[in-house]
DNA sequence: GCAATAGTTCGAATATAGTCGAACTATTGA
DNA sequence: TCAATAGTTCGACTATATTCGAACTATTGC
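Residue numbers (full-length UniProt numbering), protein chains in the order written: chain A, 1 to 108; chain B, 1 to 108.
Following this line, the structure appears as structure tokens:
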């Protein structure tokens, strides 16, 4: 039951966080995690091949956006929202609000 | 004195904005514009070749982060901060605060 | 132990981004 | 008109990201 490495809050890099959030699939994952935490990768696959999903989770983890805990056979993902809020106050919530308002705009 | 095209606020794309802000040089440009607006490209070059600077300003413009007005021989750049605030409230200010706090952290 | 499930890793292919010099356009000021 | 300045555009190159299938590891439940 080996666990993942996650960067410390002090080591968060703003451009890495912004880059992690700048991909549509990864942003959708973050939105879904914001609604229900933690979640394994499965329900977040959205039809992609597993290797692609795995890659995107790695990007999110390395940026400090997501924490993954291995629980039995499942890799449970959650947002590092309090840590992000501590390091970059207001950033994640602004992005989540923006993402939601954008979706509502597109919906009409 | 031909002017540039800029996307309408309604056409702003969140992932494009995040991507525009996720590059260290572009983020530094945004920070400098936040301190003094408008500014031509020259003082923001930071030692880069002009073609590279031009490319980054194009990315910022296309995302809606920056507006460029041609004034004589100068291309004056300013942040579209009120428009960004209107479309994605709190986003730009959170990014700017984060960028500044990160710099202060690194400085010690 | 064995099949099924969850997810990673590898490797190769493709796509997107960034970099830079050189040639170009537009404007200014002499 | 001419030289100088500001910035763009082009094209080639490099670097980084993304995608995907296939092989792999770990865990569960039977």
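Glycine is no exception: its CB is placed at the ideal position from the N, C-alpha and C atoms.
#### Entry: Cβ contact check for the region 13-22 of chain B and the region 16-30 of chain A: 3 or more pairs under 8 Å
yes
| field | Where the beta strand (DSSP E) through residue 69(A) begins and ends | value | 66-71
**Asked** If you follow the alpha helix (DSSP H) that residue 19(B) is part of, which residue opens it and which one closes it?
**Response** 14-21
Item to complete: Going by CA-CA distance only, name the one from 84(B), 66(B), 56(B), 71(B) that's closest to residue 101(A).
Response: 84(B)
Handout entry: Bounding residues of the alpha helix (DSSP H) (the contiguous stretch that carries residue 33(B))
Key = 24-35
So is residue 24(B) in contact with chain A if we call contact Cβ pairs under 7 Å?
yes
Practice item. Starting from the beta carbon of residue 15(A), find every residue of chain B whose beta carbon is closer than 7 Å, and list them in chain order. Key: 22, 23, 24, 27
For residue 79(B) versus residue 33(B), is the C-beta spacing smaller than 7 Å? yes
- [ ] Kindly indicate the opening and closing residues of the beta strand (DSSP E) around residue 75(A).
- [x] 74-79
**Prompt:** Name the residues in the region 47-79 of chain A whose C-beta lies less than 9 Å from a C-beta of chain B; which are they?
**Reply:** none
Residue burial classification, residue 8(A) (beta-carbon count within 10 angstroms, cutoff 16): exposed
- Query: Could one say the Cβ of residue 108(A) lies closer than 7 Å to chain B's Cβ atoms, at least one of them?
  - Reply: no
(request) State the DSSP-derived secondary structure class of residue 45(A), mapped to helix, strand or coil. (result) coil
Contact criterion: CB-CB distance below 7 Å. Does residue 42(A) meet it with respect to chain B?
no
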